[in-house]
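*Asks:* First to last, the sequence lines map onto chains X and U.
Numbering (the numbering used here) for the first sequence: 545 to 981.
Numbering (the numbering used here) for the second sequence: 545 to 981.
Sharing a structure below in structure tokens format, with a few things to ask.
2 protein chains.
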Amino acid sequence: MKNINIGILGCGIVGTGVSKLLIEKKQFIKSRTGVLFNLKHVADIDIKRQRSITFKQGVFIKDAEKIINDPEIDIIVELIGGKDIAKDFTIKALKNGKHVVTANKALIASFGNELVKTAYKNNVEFAFEASCGGCMPVIKTLRESMVGNTIESMTGILNGTCNYILTKMSKENCSFDKALEQAKEKGFAEADPFLDIEGFDSAHKLAILISLAYGKEITLNDIYVEGITEISPMDIQFAREFGYVIKLLAISKNYKNNIEARVHPAMIPLANPLSYIDGSMNAVVINGDVTGETMLYGHGAGMMPTASAVISDIVDIARNIITKNKTRIPILGYFQENIKKIPVFSIKEINASYYFRFAAADNPGVLSKISGILGDHNISIKIVQQTGRNINGSVPVVIITHLAKEENIQKALKMISKLDSIIDKPVVIRIEEDKKI
Amino acid sequence: MKNINIGILGCGIVGTGVSKLLIEKKQFIKSRTGVLFNLKHVADIDIKRQRSITFKQGVFIKDAEKIINDPEIDIIVELIGGKDIAKDFTIKALKNGKHVVTANKALIASFGNELVKTAYKNNVEFAFEASCGGCMPVIKTLRESMVGNTIESMTGILNGTCNYILTKMSKENCSFDKALEQAKEKGFAEADPFLDIEGFDSAHKLAILISLAYGKEITLNDIYVEGITEISPMDIQFAREFGYVIKLLAISKNYKNNIEARVHPAMIPLANPLSYIDGSMNAVVINGDVTGETMLYGHGAGMMPTASAVISDIVDIARNIITKNKTRIPILGYFQENIKKIPVFSIKEINASYYFRFAAADNPGVLSKISGILGDHNISIKIVQQTGRNINGSVPVVIITHLAKEENIQKALKMISKLDSIIDKPVVIRIEEDKKI
Chain X
545 MKNINIGILG CGIVGTGVSK LLIEKKQFIK SRTGVLFNLK HVADIDIKRQ
595 RSITFKQGVF IKDAEKIIND PEIDIIVELI GGKDIAKDFT IKALKNGKHV
645 VTANKALIAS FGNELVKTAY KNNVEFAFEA SCGGCMPVIK TLRESMVGNT
695 IESMTGILNG TCNYILTKMS KENCSFDKAL EQAKEKGFAE ADPFLDIEGF
745 DSAHKLAILI SLAYGKEITL NDIYVEGITE ISPMDIQFAR EFGYVIKLLA
795 ISKNYKNNIE ARVHPAMIPL ANPLSYIDGS MNAVVINGDV TGETMLYGHG
845 AGMMPTASAV ISDIVDIARN IITKNKTRIP ILGYFQENIK KIPVFSIKEI
895 NASYYFRFAA ADNPGVLSKI SGILGDHNIS IKIVQQTGRN INGSVPVVII
945 THLAKEENIQ KALKMISKLD SIIDKPVVIR IEEDKKI
Chain U
545 MKNINIGILG CGIVGTGVSK LLIEKKQFIK SRTGVLFNLK HVADIDIKRQ
595 RSITFKQGVF IKDAEKIIND PEIDIIVELI GGKDIAKDFT IKALKNGKHV
645 VTANKALIAS FGNELVKTAY KNNVEFAFEA SCGGCMPVIK TLRESMVGNT
695 IESMTGILNG TCNYILTKMS KENCSFDKAL EQAKEKGFAE ADPFLDIEGF
745 DSAHKLAILI SLAYGKEITL NDIYVEGITE ISPMDIQFAR EFGYVIKLLA
795 ISKNYKNNIE ARVHPAMIPL ANPLSYIDGS MNAVVINGDV TGETMLYGHG
845 AGMMPTASAV ISDIVDIARN IITKNKTRIP ILGYFQENIK KIPVFSIKEI
895 NASYYFRFAA ADNPGVLSKI SGILGDHNIS IKIVQQTGRN INGSVPVVII
945 THLAKEENIQ KALKMISKLD SIIDKPVVIR IEEDKKI
């Protein structure tokens with residue numbers, strides 16, 4: 545029987561969940577692993593916060609450094625969140641020879657390479673299954689189950705807040721603001737939802753998936769990011785008429801020497817399994833050259849689903865500790881010396897189909913001008929719909945294009961926007977027609 | 545650099561796929577694992593079969609025993625299929641100190657315990673990710689990712705042949721026979737589809753999942769099995785009218801001291817993510833007490849998806865060989881001494897909602913008699929529909945019940961069948977209303 549001492553940094557929602565599991569499921573986990581996990585300390589500066597757990601005398605402390613410097617602690621779980629303090633503590637812990645488990649996507653997306661290198665240098669494990677997709681085992685799947693696959697593309701619904709809002713808007717035909725309000729009431733959105741609704745949380749997760757999927761290094765800033773704040777019920781309605789659903793997608797496609805990496809709202813057809821992922825649920829479709837299309841689905845956030853992923857990392861590390869097995873699997877799925885930087889296509893270089901909605905003056909000839917400009921830019925039209933609904937003095941002209949280059953789209957839109965008959969800023973939503981590349 | 549020698553027994557479809565991957569992706573897999581896999585021998589008695597691969601001189605042999613007795617071979621991959629010869633070879637290989645990987649669900653479902661014990665006794669690994677759900681990493685997910693979870697229920701579409709047939713019947717309103725014919729033409733059904741369409745293939749896979757999910761032992765014969773041969777387009781049509789889809793499900797629910805384990809066609813509501821799994825795709829919904837609802841989705845069969853899972857097992861074992869790490873994870877996810885037999889509820893003891901279709905003589909009073917009998921058996925009716933469509937001298941009376949005990953259902957149906965006005969054998973399909981237990 546092996547005892548392994550755990551220290552947790554940060555006792556917010558996930559910290560409480562992990563503590564609960566380690567305490568309440570101690571015997572259960574022992575029956576599966578042979579390891580008795582001892583939660584030695586949990587540190588949080590907020591000692592007054594109400595938590596749905598009671599710790600034994602002396603377990604809860606205020607000083608994180610005490611955990612980091614405790615020679616008896618084997619594994620440290622970083623659940624502080626944010627970047628600066630979390631990074632400082634993680635680096636110190638790794639340098640002190642502690643294995644570190646984290647659920648902190650911003651930390652890894654921003655400083656992943658530095659942390660991974662520090663872990664290697666100090667001969668310890670660094671694990672982060674919970675940082676991406678909550679309880680969905682997406683990191684284990686990419687690193688282990690799909691080890692024989694070249695990953696061709698990944699498309700994920702990786703933010704529960706956005707998916708809840710878009711589902712709400714879609715099912716109840718309500719505005720973004722109203723859906724956001726309800727998401728806050730139900731606890732699916734934070735008081736400051738900026739990182740979620742502007743797409744940055746999804747971009748953090750996509751950066752992590754990319755670093756694991758391709759054995760390539762990218763910079764977070766290379767990911768194109770667009771949030772969902774400008775999605776309107778009218779566009780959701782039009783999407784439905786054409787057989788599409790609007791989702792905030794994190795997309796990456798692998799072209800061997802370049803990749804695409806982008807987060808934006810997109811219309812997807814009902815043939816895409818992601819179109820059925822509703823509410824706060826997450827899912828990611830991974831296309832491997834050997835497996836073909838696969839998908840993982842589950843709760844992408846929340847106290848217990850996230851804690852489940854943290855526990856799986858803790859157990860994996862414990863199994864390596866018992867068997868005196870150091871970094872059995874490369875942290876990023878590939879050996880460090882084989883990981884090279886890969887250029888990311890700028891958004892102008894991608895090809896997609898597009899949905900446009902123009903608010904046009906209700907007079908003839910508008911369509912002729914718009915289609916002329918599109919034609920001049922090598923953009924071919926698949927569907928035009930003019931419903932004649934007059935809304936605030938304009939009628940919506942909806943156009944769906946065939947595949948076109950985004951650079952041409954942007955140029956054409958600039959010209960169309962200048963037309964006298966175009967009253968408002970055009971709405972543009974990319975369509976992800978293909979399931980694969 | 546470590547070289548690991550592999551021997552493959554059986555070079556049918558999956559054997560060819562695994563061989564291809566080991567040869568064509570040798571350098572790729574090395575870049576991820578540091579291991580150079582050498583496919584030393586592939587054995588098959590059928591030397592004339594056309595295969596989409598050319599082996600180097602001396603690799604392809606006829607004699608499996610040569611592989612089993614080769615002291616240079618570290619890992620043996622059993623891809624013969626069937627039970628008797630496969631079992632004999634697997635036991636011999638394990639006893640010779642070879643690690644064994646298999647994709648053979650019938651083998652594991654029938655002799656799993658014996659094989660696992662033999663592996664332990666000889667201090668070698670025995671892995672079978674490919675035996676269940678093709679490339680979906682369901683075994684790794686249950687054993688590793690969900691290690692902190694008590695599994696509450698599993699519901700799977702685990703047979704691509706049946707799912708293809710039911711999807712075809714549903715989308716094209718065609719008969720079972722016609723859909724089966726097309727499945728054969730497209731290569732989704734074997735010449736003799738008995739094990740698939742009668743539900744036994746799904747039962748094999750469910751037995752494997754159960755052995756991993758609960759840390760309990762069951763006997764294959766304890767699983768209730770019902771195939772899809774009696775599903776008619778009319779019932780699929782009625783299901784649709786009530787908001788259901790018919791799928792062949794493998795279901796297990798965990799009641800701590802007993803479990804349910806059954807394979808049968810079932811109606812599921814559109815709110816169940818399995819309702820969208822179409823064609824030959826597989827998926828399994830797993831409810832953990834910590835994760836809540838999760839789902840894996842992917843190709844459940846086929847040359848390359850299955851090979852992908854085999855490779856992940858080979859790599860896992862290789863990583864243990866390099867690090868001199870023996871049975872790092874218990875083969876069935878729990879230590880052998882903790883695995884106890886758990887009783888399986890007989891089908892009579894389960895509770896479900898039910899769909900009935902009676903072919904009744906077109907005269908008044910039938911419904912009163914049927915509902916009287918149901919009431920006498922404590923079965924409460926949720927919906928009755930009598931469309932008045934006269935088909936071959938009878939009208940269909942469709943009834944959907946609230947939750948009821950199957951024993952009562954069977955007794956009531958026996959009585960109803962004896963009514964003069966009931967012309968044909970009643971159709972009964974269980975409804976899986978709940979996503980969780």
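Glycine included, every Cβ here is placed at the ideal spot set by N, Cα and C.
What you are looking at is a predicted structure, and each value in this text was computed from that prediction instead of being measured.
Which residues in chain U have a C-beta closer than 9 Å to the C-beta of residue 565(X)? List them in chain order.
*Replies:* As a position in the first sequence, residue 565(X) is number 21, starting the count at 1. Within chain U, the residues near residue 565(X) are 692 and 834.
*Asks:* Skipping 5 residues on each side, what residues in its chain have a beta carbon closer than 6 Å to that of residue 748(X)?
*Replies:* If you number the first sequence from 1, residue 748(X) lands on position 204. Answer for residue 748(X): 649, 650 and 653, listed in chain order.
*Asks:* With DSSP run on the structure shown, which of helix, strand or coil describes residue 711(X)?
*Replies:* Residue mapping note: residue 711(X) aligns to position 167 of the first sequence, counting from 1. DSSP places residue 711(X) in helix when its eight states are reduced to three.
*Asks:* How far does the beta strand (DSSP E) with residue 726(U) in it reach, from first residue to last?
*Replies:* Reading the second sequence from its first residue, position 182 is the one you call residue 726(U). Run containing residue 726(U): none in the beta strand (DSSP E); it sits in the alpha helix (DSSP H), 720 to 729.
*Asks:* Would you check if the distance between the CB atom of residue 805(U) and the CB atom of residue 762(U) is smaller than 9 Å?
*Replies:* For the purposes of this step, residue 805(U) is taken as the residue at position 261 of the second sequence. For the purposes of this step, residue 762(U) is taken as the residue at position 218 of the second sequence. A contact, by the Cβ cut-off of 9 Å.
*Asks:* Evaluate residue 672(X) with the Cβ neighbour count: other Cβ atoms within 10 Å of its Cβ, from every protein chain shown; 16 or more gives buried, anything less gives exposed.
*Replies:* As a working note, residue 672(X) is residue 128 in the first sequence. That one is buried.
*Asks:* Would you mind telling me which residues of chain U sit closer than 7 Å to residue 679(X), beta carbon to beta carbon, in chain order?
*Replies:* Sequence index remark: in the first sequence, residue 679(X) carries index 135 (1-based). What residue 679(X) touches in chain U: 835 and 838.
*Asks:* Under 8 Å, with one C-beta from each stretch per pair, do the region 742 to 760 of chain X and the region 854 to 872 of chain X reach the 3-pair mark?
*Replies:* No, they do not touch.
*Asks:* Kindly indicate which residue of 976(U), 917(U), 857(U) and 782(U) has the alpha-carbon position closest to the one of residue 952(U).
*Replies:* To locate residue 952(U), count along the second sequence from 1; it is residue 408. Of 976(U), 917(U), 857(U) and 782(U), the residue nearest in Cα terms is 917(U).
*Asks:* Helix, strand or coil for residue 979(X), going by three-state DSSP, please let me know.
*Replies:* On the first sequence, residue 979(X) is found 435 positions in, with the first residue counted as 1. Note that residue 979(X) scores 48 on pLDDT, short of 50, meaning its location in the model is unreliable; the coordinates nonetheless yield the value given after this. In this structure, residue 979(X) counts as coil in the three-state DSSP scheme.
*Asks:* Which residues bound the beta strand (DSSP E) around residue 938(U)?
*Replies:* As a working note, residue 938(U) is residue 394 in the second sequence. Its beta strand (DSSP E) spans residues 938 to 945.
*Asks:* Going by C-alpha distance, which of 809(U), 635(U) and 731(U) is nearest residue 769(U)?
*Replies:* On the second sequence, position 225 is the one that residue 769(U) refers to. Per the Cα distances, 809(U).
*Asks:* From residue 944(U) to residue 618(U), what does the alpha carbon distance come to, in whole angstroms?
*Replies:* Working through the second sequence from its first residue, we reach residue 944(U) at position 400. Working through the second sequence from its first residue, we reach residue 618(U) at position 74. Roughly 57 Å between the two C-alpha positions.
*Asks:* Just to confirm before moving on: does the CB-CB distance between residue 785(U) and residue 929(U) stay below 9 Å?
*Replies:* Stepping through the second sequence from its first residue, residue 785(U) is reached at position 241. Stepping through the second sequence from its first residue, residue 929(U) is reached at position 385. Cβ distance < 9 Å, so residue 785(U) and residue 929(U) count as in contact.
*Asks:* What are the residues of the region 890 to 913 of chain U that lie near chain X, defined by any Cβ-Cβ distance shorter than 9 Å?
*Replies:* The region 890 to 913 of chain U vs chain X, Cβ under 9 Å: nothing.
*Asks:* Please name the residue, chosen from 724(U), 767(U), 812(U) and 733(U), that lies closest to residue 744(U) on a Cα-to-Cα basis.
*Replies:* Your numbering for residue 744(U) matches position 200 in the second sequence. Of the listed residues, the one whose Cα sits closest to residue 744(U) is 767(U).
*Asks:* What's the call for residue 733(U), buried or exposed, on a 16-neighbour Cβ count within 10 Å?
*Replies:* Position 189 of the second sequence, counting from 1, holds the residue named residue 733(U). That one is buried.
*Asks:* At the level of alpha carbons, what is the spacing between residue 966(U) and residue 884(U)?
*Replies:* Here residue 966(U) is taken as the residue at index 422 of the second sequence, counted from 1. Here residue 884(U) is taken as the residue at index 340 of the second sequence, counted from 1. Each residue's Cα considered, the two are about 47 Å apart.
*Asks:* So, helix, strand or coil for residue 796(X), using DSSP?
*Replies:* The residue you call residue 796(X) lines up with position 252 of the first sequence. Looking at residue 796(X) - three-state DSSP - the assignment turns out to be strand.
*Asks:* Using a Cβ-Cβ distance under 9 Å, would residue 576(U) count as near chain X?
*Replies:* Counted from its first residue, the second sequence places residue 576(U) at position 32. Yes, contact with chain X.
*Asks:* Taking CB distances under 9 Å as the criterion, tell me whether residue 525(X) reaches chain U.
*Replies:* What the structure shows of chain X is the stretch from 545 to 981, and residue 525(X) is not part of that stretch, so it cannot be assessed.
*Asks:* Is it right to say residue 600(U) is buried, meaning 16 or more other beta carbons lie within 10 angstroms of its own, or is it exposed?
*Replies:* Taking the first residue of the second sequence as position 1, residue 600(U) is located at position 56. So residue 600(U) counts as exposed.
*Asks:* Please report how far the alpha carbon of residue 848(U) lies from the alpha carbon of residue 964(X), in whole angstroms.
*Replies:* Counted from its first residue, the second sequence places residue 848(U) at position 304. Counted from its first residue, the first sequence places residue 964(X) at position 420. Between residue 848(U) and residue 964(X), the C-alpha separation is close to 56 Å.
*Asks:* Using CA atoms only, rank isn't needed, just tell me which of 920(U), 626(U) and 585(U) is closest to residue 615(U).
*Replies:* Residue mapping note: residue 615(U) aligns to position 71 of the second sequence, counting from 1. Residue 615(U) has its Cα closest to that of 585(U), out of 920(U), 626(U) and 585(U).
*Asks:* Contact between the region 831 to 844 of chain X and the region 679 to 699 of chain X: three or more CB pairs below 8 Å?
*Replies:* Verdict: yes, contact present.
*Asks:* Let me know if residue 890(X) comes out buried or exposed under the rule of 16 or more other beta-carbons within 10 Å of its beta-carbon.
*Replies:* Within the first sequence, numbered from 1, the residue matching residue 890(X) stands at position 346. Per the 10 Å Cβ criterion, exposed.
*Asks:* Residues of the region 586 to 606 of chain X with a CB closer than 8 Å to any CB of chain U: list them in chain order, please.
*Replies:* Result list empty, no residue passes.
*Asks:* Starting from residue 571(U), trace the beta strand (DSSP E) both ways and give me its first and last residue.
*Replies:* To locate residue 571(U), count along the second sequence from 1; it is residue 27. Unbroken run through residue 571(U) is the alpha helix (DSSP H), 570 to 577; no beta strand (DSSP E).
*Asks:* In the DSSP assignment, the beta strand (DSSP E) including residue 903(U) goes from what residue to what residue?
*Replies:* On the second sequence, residue 903(U) is found 359 positions in, with the first residue counted as 1. Segment 895 to 905, the beta strand (DSSP E) holding residue 903(U).
*Asks:* Can you tell me where the beta strand (DSSP E) with residue 892(U) in it begins and where it stops?
*Replies:* On the second sequence, residue 892(U) is found 348 positions in, with the first residue counted as 1. It is not in any beta strand (DSSP E) - residue 892(U) carries neither H nor E in the DSSP assignment.
*Asks:* If you run the structure through DSSP and keep just helix, strand and coil, what is residue 762(X)?
*Replies:* The residue you call residue 762(X) lines up with position 218 of the first sequence. DSSP places residue 762(X) in coil when its eight states are reduced to three.
*Asks:* Under 8 Å between beta-carbons, which chain U residues line up against residue 843(X)? List them in chain order, please.
*Replies:* Along the first sequence, one-based indexing puts residue 843(X) at 299. Those are 835, 836, 837 and 838, listed as they occur along chain U.
*Asks:* Could you compute how far the alpha carbon of residue 701(X) sits from the alpha carbon of residue 817(X)?
*Replies:* Position 157 of the first sequence holds residue 701(X). Position 273 of the first sequence holds residue 817(X). Each residue's Cα considered, the two are about 11 Å apart.
*Asks:* List the endpoints of the continuous alpha helix (DSSP H) containing residue 652(X).
*Replies:* Looking up residue 652(X) in the first sequence gives position 108. Segment 649 to 665, the alpha helix (DSSP H) holding residue 652(X).
*Asks:* Would you kindly report the start and end of the unbroken beta strand (DSSP E) that includes residue 806(U)?
*Replies:* For the purposes of this step, residue 806(U) is taken as the residue at position 262 of the second sequence. Per DSSP, residue 806(U) belongs to the beta strand (DSSP E) from 803 to 813.
*Asks:* Output, in chain order, the set of chain X residues within a Cβ distance shorter than 7 Å of residue 879(U).
*Replies:* The residue you call residue 879(U) lines up with position 335 of the second sequence. Within 7 Å Cβ-Cβ: 575 and 578.
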